[in-house]
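Asks: Residue numbers (this note's numbering): 5 to 265.
For every residue, glycine included, the Cβ atom is placed at its ideal position computed from N, Cα and C.
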């Protein structure tokens, strides 16, 4: 009986500790972050929020789940096609991990738990986002970093604007059409990227090795330079204007032609 009482007391104490941790986490938030709910719809680059305070280390664990019902038919006068019926597709799921490490320093990691053409869970990609250099030295390049962002990682690069509304496996909330374009400008590459966001002006310059699948034995030693220029302004409450242009330039070594893969 005493052992049972001790066990129950331990469980109660652990529950109280967990609740305290949850309430403590609830008072914190991610900085320079695009909302994962409806507040993130029609948002492109994550907003710069230099005036928000850093409340300490914050770990945000989230997920996406998508179950799609398909009702399509197909015909072909030439070769025969598979007979398809109205039914559900294979569900897809994501596991998202975002960590606010320091003021202006955030980590993102996304894992595909269930996806098409893969029987196992695998890491889609991740990056470190730097919006402030105070974690190195207080006030370091503070005026410059009010408009500049640095991203380093292995993930989707900032090429074009369709990426901000495309469905990313189970993450389909931003996409009004659910499905992506046939010519889908999507790739994950190791990259470094510098972004300038200032009074509606958008400027991006970055570089990658151009590889989707990484290998140290490959003889492919080329590289890619990419960038974007544009404006994003809202002169009135009901009027928003955004115009951008992107480029993706690869060296003559290797084959880097799958940005529309």
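#1: Can you tell me whether residue 149 is buried or exposed? The criterion is at least 16 other CB atoms within 10 Å of its CB, across all chains shown.
#2: Looking at C-beta atoms only, is the number of pairs between the stretch 216 to 231 and the stretch 181 to 189 that lie closer than 8 Å three or more?
#3: In three-state DSSP terms, what is residue 92?
#4: Please report the distance separating the alpha-carbon of residue 28 from that of residue 58.
#5: Just list the residues that DSSP pairs residue 101 with in beta bridges.
#6: Report buried or exposed for residue 79, applying the criterion of at least 16 other Cβ atoms within 10 angstroms of its Cβ.
#7: What residue does the beta strand (DSSP E) around residue 193 start on, and which one ends it?
#8: For residue 238, which three-state DSSP category applies?
#9: Which same chain residues, not among the five before or five after residue 32, have their C-beta less than 6 Å away from its C-beta?
#10: Are the CB atoms of residue 131 and residue 159 nearer to each other than 8 Å?
#11: What would DSSP say about residue 149, mapped onto helix, strand or coil?
#12: Reducing DSSP to helix, strand and coil, say where residue 118 ends up.
#13: Under the three-state reduction of DSSP, which class applies to residue 108: helix, strand or coil?
#14: Measuring only the C-alpha atoms, how far is residue 2 from residue 140?
#15: Can you give me the C-alpha to C-alpha distance between residue 251 and residue 120, rounded to a whole angstrom?
Replies: So, to answer that:
#1: Counting other Cβ atoms within 10 Å of its Cβ, residue 149 reaches 16 or more and is therefore classed as buried.
#2: Contact between the stretch 216 to 231 and the stretch 181 to 189 is absent: fewer than three C-beta pairs spanning the two stretches fall below 8 Å.
#3: When DSSP states are grouped into helix, strand and coil, residue 92 belongs to the strand group.
#4: Unreliable placement is indicated for residue 28, whose pLDDT of 45 sits below 50; no coordinate value is reported for it.
#5: 65, 113.
#6: A residue is called buried when at least 16 other Cβ atoms come within 10 angstroms of its Cβ; residue 79 does not meet this threshold and is exposed.
#7: Run containing residue 193: 192 to 202, per the beta strand (DSSP E) assignment.
#8: Collapsing the DSSP output to three states places residue 238 in a strand.
#9: Beyond the five residues adjoining it in sequence on each side, residue 32 comes within less than 6 Å, by CB distance, of 59, 62 in the same chain, given in chain order.
#10: Annotated as proximal: residue 131 and residue 159, with beta-carbon spacing under 8 Å.
#11: In the structure shown, residue 149 adopts helical secondary structure according to DSSP, grouped into three states.
#12: Correct three-state label for residue 118: strand.
#13: Residue 108 sits in coil when the DSSP states are folded into three classes, being neither helix nor strand.
#14: Summary: the structure shown does not reach residue 2, with the chain confined to residues 5 through 265, and so no result is reported for it.
#15: Roughly 29 Å between the two C-alpha positions.
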